[in-house]
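Residues in the sequence shown are numbered from 4 upward in steps of one, following our numbering.
The beta-carbon is built from N, C-alpha and C at its ideal position, and this holds for glycine as well.
Keep in mind it's a predicted model, so treat the numbers as computed, not measured.
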Amino acid sequence: MRGLGLGLSIVERIGRVLRHPIGLKSNASRGSTFSVTVPKGVKRALASTEGLSSPLPGSLSGTFLVCIDNEPAVLDGMQTLLSGWGCRVLTAESADRALRIIESEPVPPDAVLADYHLDRGTGVDAILAIRARAGLEIPAVVITADHTVEVQREIRRLGFALLRKPLKAAALRAVLGQIVVRRAIAAE
Numbered sequence: 004m005r006g007l008g009l010g011l012s013i014v015e016r017i018g019r020v021l022r023h024p025i026g027l028k029s030n031a032s033r034g035s036t037f038s039v040t041v042p043k044g045v046k047r048a049l050a051s052t053e054g055l056s057s058p059l060p061g062s063l064s065g066t067f068l069v070c071i072d073n074e075p076a077v078l079d080g081m082q083t084l085l086s087g088w089g090c091r092v093l094t095a096e097s098a099d100r101a102l103r104i105i106e107s108e109p110v111p112p113d114a115v116l117a118d119y120h121l122d123r124g125t126g127v128d129a130i131l132a133i134r135a136r137a138g139l140e141i142p143a144v145v146i147t148a149d150h151t152v153e154v155q156r157e158i159r160r161l162g163f164a165l166l167r168k169p170l171k172a173a174a175l176r177a178v179l180g181q182i183v184v185r186r187a188i189a190a191e
């Protein structure tokens with residue numbers, strides 16, 4: 004199973020500083036699972052958001068994203084990361100599933116994020132199918148560990164953003180921020 008690019012050594016150091024033990028379960032045929040034990044928190048009242056202005060340009064708050072990856076663990080990680088940035092995230096393990104999800108929504112996604120290598124076809128195929136069905140040039144980001152020139156050319160020729168694995172959260176946030184800013188400018 005591929006990771007998200009978060010180095011275990013970083014997690015281990017942070018866990019040590021915070022005194023949160025790191026756990027490991029390993030099975031030769033199924034891979035390894037790591038965990039972090041965190042003490043239970045205390046619920047506190049949330050501060051009032053009354054009177055706050057709308058999100059700043061480039062803010063990802065409320066951005067509707069569809070993520071496509073054939074690995075559930077990667078989708079879970081993307082869901083957690085993107086939701087933490089205030090995005091509304093729907094995940095799908097295939098292009099077909101993504102199309103069904105999008106068709107059930109009242110508005111199209113602001114962007115589609117897709118892994119290049121899917122079980123059936125590519126992320127590029129999935130994005131093109133979604134764009135065709137929606138009749139819109141929905142912004143797209145292709146995430147890949149494939150560093151071949153052919154793949155890079157294909158993605159860039161179609162005008163999709165390209166991010167390489169291991170995925171860095173800051174790079175993803177920057178690309179999504181650009182998409183949000185372009186959308187805001189186009190709406191003016």
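Option nearest residue i by Cα separation, candidates the options
i: Thr125; options: Gly138, Asp99, Lys171 and Asp113; result: Asp99
i: Arg22; options: Val41, Leu11, Ala174 and Ala101; result: Val41
i: Val69; options: Asn30, Gln181, Gly26 and Arg134; result: Arg134
i: Glu74; options: Glu153, Ser29 and Ala95; result: Ala95
i: Phe67; options: Asn30, Ile105 and Asp79; result: Ile105
i: Ser62; options: Ile158, Gly162, Trp88 and His120; result: Trp88
i: Arg123; options: Val144, Ile71, Gly26 and Gly162; result: Ile71
i: Val110; options: Ala76, Phe163 and Gly65; result: Gly65
i: Leu102; options: Gly34, Ala137 and Ile158; result: Ala137
i: Leu84; options: Gln181, Ala173, Leu27 and Ala164; result: Ala173
i: His120; options: Lys43, Val77 and Arg160; result: Val77
Buried or exposed by the 16-neighbour rule on C-beta atoms within 10 Å, applied to residue i
i: Val117; result: A quick correction: the sequence has Ala, not Val, at residue 117. Ala117 should be labelled buried.
i: Val115; result: buried
i: Pro24; result: exposed
i: Leu139; result: exposed
i: Ala129; result: buried
i: Asp79; result: exposed
i: Val192; result: Since the first and last residues shown for the chain are 4 and 191, residue 192 lies out of range.
i: Val144; result: buried
i: Ile17; result: exposed
Which of helix, strand or coil DSSP assigns to residue i
i: Arg159; result: helix
i: Val41; result: coil
i: Ala148; result: coil
i: Arg167; result: strand
Taking contact to mean 3 or more Cβ pairs, one atom from each stretch, closer than 8 Å, check whether the region 168 to 175 and the region 140 to 151 are in contact. yes
Would you list, in sequence order, the uninterrupted alpha helix (DSSP H) runs of no fewer than 4 residues that lie entirely inside the region 56 to 144? 75 to 87, 98 to 106 and 126 to 137
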